[in-house]
Every structure is written in C-alpha cells, then in structure tokens.
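Residue numbers (the working numbering): 15 to 141.
Where a beta carbon is used, it is the ideal one built from N, C-alpha and C, also for glycine.
The structure appears below as structure tokens.
This is the structure in structure tokens:
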C-alpha cells in the first residue's frame with residue numbers, strides 16, 4: 015500500500031509534463047502574446063476629441079505619426095488603473111515622447127473632464 019503512495023505522485027507529475035509538452039507543441043509560434051512593439055500600426059481610423067465631444071475630423075493611426083515612434087495609450091475616465099498611470103504619461107510628455115490617447119468606451123464629455131482634472135499628456139485624443 016505504501017508503494018502506491020510513492021508511485022501516484024510520480025505518475026501525476028509525468029502526466030502533467032506530457033500535457034504541458036503537448037500544449038506547447040500545438041501553440042502557434044507566430045502569435046506573440048506581447049504588445050506590438052516594433053510592428054506597424056494596424057489601420058485604425060477614429061474621430062478626434064474636440065472640446066467635450068467627438069469632432070468631425072478622423073485620424074488614421076497608421077499615417078498619424080509616420081516615421082516617428084509614438085506610444086498609443088488606451089484609457090477611460092472610469093478606469094482606476096488609468097488614474098494611477100496618468101502621472102507617468104505626463105512625465106513622458108515632459109520628456110518629449112509623443113503619446114496618443116484612445117478613449118475606450120467612454121463618453122467624450124467624461125474624457126474631457128478626466129483630462130481637465132489630471133492634465134492632458136496626449137498629442138491627440140481619439141474617441
């Protein structure tokens with residue numbers, strides 16, 4: 015009986031290792047779980063925030079900063095982590111980094127109030 019207690023954990027460990035190896039072999043190596051660092055910006059056309067509403071002008075992120083690196087930050091006025099990261103974005107702006115903000119599922123008036131309260135680190139804000 016005590017011999018089974020020694021064998022069962024070994025069998026479970028081997029089975030888990032086989033499952034992990036099988037999963038890693040089926041994974042597509044071309045799919046990267048990280049950000050699109052160094053990659054071309056996908057075609058994305060969004061309206062710009064003008065005052066407290068979405069303006070009539072649209073911007074294509076693919077052509078907005080051609081030849082220049084830029085940071086695209088997705089944020090929302092209702093997002094608590096966005097408030098925490100906001101001072102860091104303001105510091106990047108002060109260092110001359112071009113930051114483009116994309117307001118995600120947010121009311122344009124709430125977005126404007128958020129930026130008026132905390133400061134606007136963005137070269138442009140898209141909604």
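With which residues is residue i paired in a DSSP beta bridge?
| i | result |
| --- | --- |
| residue 54 | Residue 54 pairs with nothing; no bridge assigned. |
| residue 95 | DSSP output for residue 95 lists no bridge partner at all. |
| residue 122 | Paired residues: none, contrary to the question. |
| residue 89 | 117 |
| residue 108 | Answer by DSSP bridge pairing: none, since residue 108 is not bridged. |
| residue 140 | 62, 116 |
| residue 73 | 60 |
Could you check what DSSP says for residue i in three-state terms: helix, strand or coil?
| i | result |
| --- | --- |
| residue 130 | helix |
| residue 36 | helix |
| residue 101 | helix |
| residue 61 | strand |
| residue 83 | coil |
| residue 23 | helix |
Between residue i and residue j, how many whole angstroms is the CB-CB distance? I'm expecting something under 8 Å.
| i | j | result |
| --- | --- | --- |
| residue 136 | residue 115 | 4 Å |
| residue 129 | residue 106 | Actually they do not touch by this definition, with Cβ atoms about 15 Å apart. |
When the distance is taken between beta carbons, is residue j closer than 8 Å to residue i?
| i | j | result |
| --- | --- | --- |
| residue 113 | residue 60 | no |
| residue 100 | residue 63 | no |
| residue 73 | residue 138 | yes |
| residue 91 | residue 124 | yes |
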